[in-house]
Amino acid sequence: MTKQYAQIIVDVPTMQTDQPYTYAVPENMIDSLLLGMRVTVPFGRRNVMGFVVGLTASTDLPEEQVRPIQQILDLTPVLNTELLNLSDYLASETFAFRITILQTMLPNVFKANYERTLRIIDEVDDDVRDRLFKGLDEIAFKTGDFTESDMATLLKLRRQHKIDVEVAVHDKAKIKTQLAYQFSDDVEFLEDELRGLRSSAKKQATLLQFILCHLAETWVKKDLQEVIDISDAVLNQAVTKKWIMKTKVELLRDPFHAEVKQTALLELNAQQQEAYERISGTFDAQRFQPFLLEGITGSGKTEVYLQVAQHVFEQGKTVLFLVPEIALTPQMVRRVKGRFGAQTAVLHSGLSDGERYDEWRRIERGDVKIVVGARSAVFAPLTNIGLIIVDEEHETTYKQSDNPRYDARNIALWRGQYYQIPVILGSATPSLESRARAQRGVYELLTLTQRAGGAKLPSVNVIDMKETLSRGPETNFSEELRIKLADRLAKGEQSVLMLNRRGFSSFVMCRDCGYVPCDPNCNLAMTLHMDTHTLKCHYCGHEEKIPTVCAQCGSKRIRYYGTGTEKVEAELQELFPDARVIRMDQDTTRKKGSMDKMLQKFGNHEADILLGTQMIAKGLDFPDVTLVGVLNADTSLGLPDFHASERTFQLLTQVSGRAGRAKKPGEVLVQTFNPQHYAITYAQNHDYEGFYRQEMAVRHAGNYAPYYYTVQIQASHSDENQAAIQMLKVARWLRSHAEKDVIILGPSPKPIAKMRKRYYFQIILKFKKRNEMDTLLQELQNRAQKAKGDLQLSIDRDPVSFM
DNA sequence: AGCACGCCGACT
DNA sequence: GTCGGCGTGCTC
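Written out as structure tokens, the structure reads:
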């Protein structure tokens, strides 16, 4: 028997252990151990979980250094070669640990559960036995169960071999099983048994006859008892008589059984047809090619996706369909399920760990042909993929904002390349980066310029709020908007009002001294919540009562500033007491399914006005909406971020697209204090290409993406001075090691400098040559890891936010 | 992450 | 001398 060795990535997320370790495969495991399985291995003086990422016949290590694998945790690999390769790519792309990446790619249940047991093995003090062990000989414990001094005591006892600790690695992924019976296939035996039965044994005879008709089949107990009325006693007898054998079959919970009616294919217009043919042609040629599908709102991008998907299905391949956020796109999900029915798996954030695991199993077993999901669905264990779709590709939700900071768009492209298939990036307002790639011919550009069914784009009017406010009292509603709203109400048509709260909050301020109550942890202005009459910090969740007296000067003249949806709703009710308003924001849609319910209500005309934050800008399709009002277009322009104009343009275009989607023409009113800003004027003219050209010039002048790569290095420390000093060191080190053409900005305190009792600083790097910088950044991270203190450093490639 | 090892000051 | 504090380095 030849020896075998396995390369294992262990579940210890640190820089020093971020490498494969070599273990010996015990002889009895050689046949069953496969690449991509999880195992437990001894590591130091404990056991940890690990992933098999390589199998070899030899090792350079001396024999005595190699320890054997302890246990195999999976029956089949949880990761295939494709996903293992992907994890390599991601590790270098995101500066994250291999183990973190591997766990990110899998459902939560695959994370190991470490159960530790303390056991007394020698005489100990009564105090220890009574207090720490609650009078018992052994006790289960988790980190944090004991105080630091108790931990010290326990550690000491262990060194004296008076107590022992045992760590068991458990698997959270339990395959739910159901009791079933496997029938015998021995016809003669069964027939003998049937003949030998007493005439009174009617039930047994029924069962035997049934078995004879279904030889060697496996029946779930519940199903069996439904078909033939047999009691448990009879079944047990049958087991002892060896007619049948007890087994277990996997039970799959199905969270989505709601049946949907099949929806028919819609006819494509000439542009859609052209796009369809370009993409399906690429699929037929088995070639990797990204397509940028730039289609104005309402131009029927979805129908193109679905028909290409249909074509891909017919060739026996599967489809991966990414959307920005399932909760915000219920209409899209319904359409996909309507077309592809039970072969669809929907991965959304509302799933419990168990449900998510079940969906994952369904996909992995090949029961599913199309997977619809948000960011993390890009890791769906589909094989044989024939098409990947990234809808609303400009959305920032595709980028994960904490470690590992991966970008689902890039992963989609990676997987597309792996399978040599087309990847569709669709948007009405493509990200500048993608549009620029299309310009360079990296992506193939497909454009849809006509709305489906011949509907027209709405006319957009920009209202200068400076004038409105100079004429009258403070208000959120210009005269023009009031008139239009009244008009729609009179005609029985619907309106959508959006309050742009991006980077904006309503707060409380003292009229006499200007004091703003800030939360004690983050030092940020707290946001006013009128429903609970409290002030909340949106970053750490701190909550307190609205003060009636100024904490700084004692004045009672505390006043509300800014605008929350609640305040707008109140003003709206005052202006139009008879209007039925639905308010949609984070507070009213927190509950699962409440958003969908509200949208259905609006769709059924049970309300006249839908008032909401930017969550209403996406994907909603209501034919009777003829007026869209944007109450404050420019709050997103003031963000400390070079994407501010792009985000504003995208938001305005998206929300405008909600108006006039059917027969009736739509109208949009945009209230702003910056009516001349190009992001607003180009959005007004529905001119994406014009905006793209101007914004590219701005980016070029400022050395921003897509002309330069951007990397954000951020560090935090519990001590403000230390944070600043360490980051200055980092900056100095970078300046002396980087090429001359690398632009290094900072360090500077982050716009939100203090968060959760830590101080944040950032350095922004802008550069042209990626490979050289990657090497440098990798080294920076190594050094940071070794540095002492509680400095936390993270590297974010192409950050989507600088907040 | 854990855990051992080893160096140093404080103390029965 | 010995105990326990913490900094350093290793885990196939």
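Residue 611 is where the first sequence starts when you use this note's numbering, and the numbers rise one by one after that.
Built from N, CA and C at the ideal position, the CB exists for glycine as well.
- Note on the region 1052 to 1114: whole alpha helix (DSSP H) runs with a minimum of 4 residues are 1075 to 1081, 1089 to 1101, in chain order.
- The residues P1068, T1236, A1269, G1270, in chain order, have a CB closer than 6 Å to that of G1276 in the same chain once the five nearest residues on each side in sequence are set aside.
- Secondary structure note for N723: its beta strand (DSSP E) is the uninterrupted segment 722 to 730.
- If you draw a straight line from the Cα of D977 to the Cα of Q953, it comes to about 7 Å.
- Assignment of T857 by DSSP, reduced to helix, strand and coil, places it in the strand class.
- In the DSSP assignment, D1001 falls within the beta strand (DSSP E) that extends over 995 to 1001.
- In this structure, I1373 lies near V1340, with their beta-carbon atoms less than 9 Å apart.
- Taking C-alpha positions only, T857 is separated from Q788 by approximately 8 Å.
- V1321 places its beta carbon less than 9 Å from that of D1406.
- Between P630 and I619, the gap from beta carbon to beta carbon is short of 9 Å.
- Annotation: F720 to V1033 spans about 29 Å, alpha carbon to alpha carbon.
- DSSP places K1273 in no alpha helix (DSSP H); its state is neither H nor E.
- In the displayed model, I711 falls within a helix according to three-state DSSP.
- For D736, the secondary structure class from DSSP, reduced to helix, strand or coil, is helix.
- Burial state of A1161 is exposed, judged by a 10 Å Cβ sphere holding fewer than 16 other Cβ atoms.
- Under the three-state reduction of DSSP, V929 is assigned to strand.
- Within the same chain, and ignoring the five residues on either side of T632 in sequence, the residues whose Cβ sits closer than 7 Å to its Cβ are Y615, Q617, T669, L671, V676.
- In this structure, L957 places its C-beta atom within 9 Å of the C-beta atom of A990.
- Secondary structure note for T1142: it is in no alpha helix (DSSP H), with a DSSP letter that is neither H nor E.
- With contacts defined as CB atoms closer than 9 Å, D1384 and S702 qualify as a contacting pair.
- Within the region 888 to 948, complete beta strand (DSSP E) segments of at least 3 residues are found at 899 to 905, 928 to 932, given in chain order.
- Comparing alpha-carbon positions, the option among K1094, K1376, Y1370, K1378 lying closest to Q1402 turns out to be Y1370.
- In this structure A885 is in contact with L1056, their Cβ atoms being roughly 4 Å apart against a cut-off of 8 Å.
- For the set S986, D1244, C1128, T1263, the Cα lying nearest the Cα of E1299 is the one of T1263.
- Fully enclosed beta strand (DSSP E) runs of no fewer than 3 residues occupy 648 to 653, 656 to 666 of the region 639 to 675, in order along the chain.
- Counting along the chain, H1310 sits inside the alpha helix (DSSP H) bounded by residues 1298 to 1311.
- In this structure, the CA atom of A826 is about 31 Å from the CA atom of G926.
- Counting only the Cα atoms, S959 lies some 13 Å from P940.
- One thing to note: N1110 has its Cβ within 9 Å of the Cβ of D1244.
- A direct Cα-Cα distance of roughly 45 Å separates P1357 from L665.
- Here the region 908 to 923 does not lie against the region 1071 to 1088, with fewer than 3 beta-carbon pairs under 8 Å apart.
- Secondary structure note for A778: its beta strand (DSSP E) is the uninterrupted segment 773 to 781.
- Annotation: the continuous alpha helix (DSSP H) that includes K1396 extends over 1380 to 1396.
- For L689, same chain residues with a beta-carbon under 6 Å away, outside a window of 5 residues either side, are G646 in chain order.
- Of the candidates L932, A667, L644, the residue whose Cα lies closest to the Cα of G660 is L644.
- If the five residues before and after R1193 are omitted, its C-beta is found closer than 8 Å to the C-beta atoms of T1175, E1176, E1179, L1221, G1222, all from its own chain and listed in chain order.
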